[in-house]
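Scroll down for the structure; my scribbles are underneath it.
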Amino acid sequence: MSPDRSHAAEIAAVRAGLAALADPWLAGETLMSRLPAESRVARLGVPAPSSDEVTARADQAQRMAEAARRTVGEEVVAALAPTPNLPERFDLRNLSGRDYVTPVKDQGESGSCSAFGTVAALEGTAAYTRSAPGLNLDLSEAHLFFGHGAERGRTNQTGSWPDELFDDSMSKGVTFEDYFPYTEDGSGSLHPDWGNRVAKVEDVVDLGRNPAAIKHHIYGYGPVTACLVVYNDLFHYTGGVYRHTTEETSGGHCVALVGWDDTAGCWIAKNSWGADWGERGYFRIAYGEAYIEDYPDPRPTTLGCTGVNLRAWLPPQRALRLFATAHDANGWAYLENLGWTRLSGGSHSTTNKLAMLTHARAGGFPVAPFVDNDELSMVQIAY
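Be aware that the sequence shown starts at 32, since it is given in this note's numbering, and climbs by one per residue.
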């Protein structure tokens with residue numbers, strides 16, 4: 032059978048399965064479905080679950096779906112749930128017109144999906160916790176996967192786990208994309224001064240098996256990294272609320288959850304197969320589907336972070352507000368794409384920075400800030 036006829040037969044089979052489910056989503060030809068099977072698998076990267084782990088979760092889909100529809104789950108920790116009531120729909124891409132999610136990327140033919148799912152959570156959390164949608168961080172998946180991951184023996188063939196990458200993001204940090212550009216074969220190189228252009232996670236939270244806690248984390252902190260079993264029909268997804276129509280699988284995959292919709296009964300997920308797949312690179316997946324709340328493995332696979340510290344020069348931006356108390360060592364600047372940032376250093380350093388920022392603000396000049404753990408260490412006026 033020719034490739035075109037084979038693809039057509041696949042789509043027809045998926046559509047037949049969808050009809051039996053009352054067509055919850057649309058199937059068609061996609062960039063992923065046109066690939067041969069081995070190339071599809073190469074774009075995954077979470078080790079496939081064992082049959083024992085899958086059997087142990089036989090009733091998981093129903094339990095997770097029911098739990099996701101409850102406002103507050105029994106296991107929600109108070110610190111993770113400052114607000115008892117959650118909206119029926121929440122989407123970090125559109126909060127009163129503000130988008131806290133960075134653009135969709137393409138991992139290519141590489142088993143690096145865990146790095147993309149982890150970085151998506153870091154980038155979104157950094158912006159959301161600062162109320163700074165214009166932050167537009169672009170962190171290096173290559174550093175996480177081909178740098179830190181390689182030190183653990185991870186390769187394109189083995190893939191990796193998000194808990195390892197979150198640990199590395201907290202203990203070592205991850206540099207920016209321009210300091211270790213991504214290539215699917217890992218042929219890029221790490222800038223020797225990456226320690227001065229780095230993001231570090233403050234704390235990591237295990238959210239597995241608790242849909243309510245996942246919602247509270249997204250609502251309070253930002254995106255959540257999650258793993259799912261990839262059924263073969265997912266490659267044909269073009270829109271709608273995904274539910275699998277086949278029992279044939281290709282492996283495991285890692286994505287980032289950026290919201291939910293209780294009316295539709297689904298999570299909103301950011302993928303890393305490029306913006307031409309799915310719903311402009313995103314997909315909606317039913318609660319309890321494909322083990323997305325609790326991947327079949329003993330290790331934690333549904334994770335979030337509570338904050339992201341930065342040490343880096345950031346792009347020039349306007350200083351919109353300045354604040355200082357009578358004690359002139361306590362100065363603050365509200366930067367256009369960063370939010371409120373404390374001026375570091377003693378009284379002389381703070382006074383100098385305030386003077387520069389005041390001059391820039393009065394003259395309408397942007398400033399390039401160097402931040403270190405959310406403090407403004409240095410500033411340059413961009414004339």
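Note that the Cβ used here is the ideal one computed from N, Cα and C, for glycine as well.
With DSSP as the reference, please indicate the residues paired to residue i in a beta bridge.
i      : result
Ile412 : Val398
Leu353 : Ala364
Thr372 : Ala364
Arg129 : Leu126
Val205 : Ala230
Ile316 : Tyr273 and Trp298
Val236 : Gly335
Val77  : Gly283
Leu341 : Ala230
Glu406 : Arg373 and Asp403
Asp137 : Trp304
Gln348 : Val398
Glu182 : Per DSSP, none; premise fails for Glu182.
For residue i and residue j, I'd like the C-alpha separation in whole angstroms.
i      : j      : result
Pro347 : Pro400 : 7 Å
Tyr250 : Leu126 : 11 Å
Pro254 : Glu60  : 29 Å
Trp56  : Ala89  : 24 Å
Val398 : Ala413 : 5 Å
Thr372 : Ile245 : 29 Å
His275 : Trp363 : 51 Å
Trp192 : Pro327 : 13 Å
Gly282 : Arg124 : 28 Å
Tyr159 : Gly128 : 13 Å
Leu111 : Cys258 : For Leu111, the predicted structure reports a pLDDT of 42, less than 50, and the residue's modelled location is therefore unreliable. A value from the coordinates is still provided. Looking at the two C-alpha atoms, the distance is approximately 21 Å.
Gly377 : Leu170 : 31 Å
Arg46  : Ala40  : 10 Å
Pro118 : Gly296 : 13 Å
Gly309 : Ala317 : 15 Å
Phe354 : Thr133 : 30 Å
His248 : Ser37  : 42 Å
Thr186 : Ala58  : 32 Å
Gly48  : Glu172 : 36 Å
Ser220 : Val205 : 14 Å
Phe147 : Ser303 : 7 Å
Gly217 : Tyr268 : 28 Å
Glu84  : Ser380 : 57 Å
Arg65  : Gln91  : 32 Å
Val235 : Asp137 : 25 Å
Asp293 : Arg392 : 45 Å
Which stretch, first to last residue, makes up the alpha helix (DSSP H) that contains residue i?
i      : result
Gly155 : Cys144 to Tyr159
His247 : Pro242 to Gly251
Thr86  : Ser82 to Ala87
Ala96  : Gln91 to Arg100
By Cβ distance, which residues of its chain are closer than 6 Å to residue i, with the 5 residues on each side in sequence left out?
i      : result
His222 : Tyr210
Gln411 : Ala399
Glu320 : Arg274
Tyr131 : Leu123, Gly155, Ala158, Tyr159 and Pro164
Ala109 : Interpretation of Ala109 is limited by its pLDDT of 38, a score under 50 that renders its predicted location unreliable; the figure taken from the coordinates is listed afterwards. The answer is none, since no qualifying residue turns up.
Glu215 : Gly139, Glu140 and Ser141
Lys384 : Leu374 and Val410
Leu168 : Glu154 and Ala157
Val150 : Leu170 and Glu172
Taking the continuous beta strand (DSSP E) assigned at residue i, which residues delimit it?
i      : result
Leu196 : Per DSSP, Leu196 belongs to no beta strand (DSSP E); it is in the alpha helix (DSSP H), Pro193 to Ser202.
Asp122 : Arg120 to Asp122
Ser281 : Thr280 to Asp292
Val260 : Val255 to Tyr262
Leu175 : Element bounds for Leu175: n/a, residue is neither H nor E.
Ala58  : Trp56 to Ala58
Looking only at its own chain, which residues have a Cβ that is under 7 Å from the Cβ of residue i, when we skip the five neighbours before and after it?
i      : result
Gly306 : It should be pointed out that residue 306 corresponds to Ala in this sequence rather than to Gly. Cβ within range, chain order: Val135 and Gly312.
Glu367 : Gly165, Gln348, Arg349 and Leu351
Pro113 : Only weak support exists for where Pro113 lies, its pLDDT of 45 falling under 50; the coordinates are left without a value.
Arg101 : Ala243
Met387 : Val410 and Ile412
Phe6   : The question about residue 6 has no answer, for the chain in this structure spans 32 to 414.
Can you name, in chain order, every residue of its own chain whose Cβ lies under 8 Å from the Cβ of residue i, other than the five neighbours on each side?
i      : result
Glu233 : Met201, Cys336, Thr337, Gly338, Val339 and Asn340
Thr189 : Pro78 and Gly142
Thr389 : Leu353
Pro80  : Val260, Gly283, Tyr322, Tyr326, Pro327 and Asp328
Closer than 8 Å, CB to CB, is residue i near chain D or not?
i      : result
Glu406 : Absent from the structure is chain D; it holds one protein chain and no more.
Decide if the segment 210-228 is in contact with the segment 280-290; the criterion is three or more beta carbon pairs, one per stretch, under 8 Å apart. No, because fewer than three Cβ pairs between the segment 210-228 and the segment 280-290 fall closer than 8 Å, the two stretches do not touch.
Evaluate the contact criterion for the segment 327-347 versus the segment 390-405: three or more CB pairs, one atom per stretch, below 8 Å. Put simply, the segment 327-347 touches the segment 390-405. At least three CB pairs are less than 8 Å apart.
Does the segment 173-185 come into contact with the segment 194-205, if we say contact requires no fewer than three beta-carbon pairs (one atom in each stretch) closer than 8 Å? Yes, the segment 173-185 is in contact with the segment 194-205.
Counting Cβ pairs closer than 8 Å, one from the segment 74-86 and one from the segment 142-149, do we hit at least three? Segment contact: the segment 74-86 against the segment 142-149, three or more CB-CB distances shorter than 8 Å; contact assigned.
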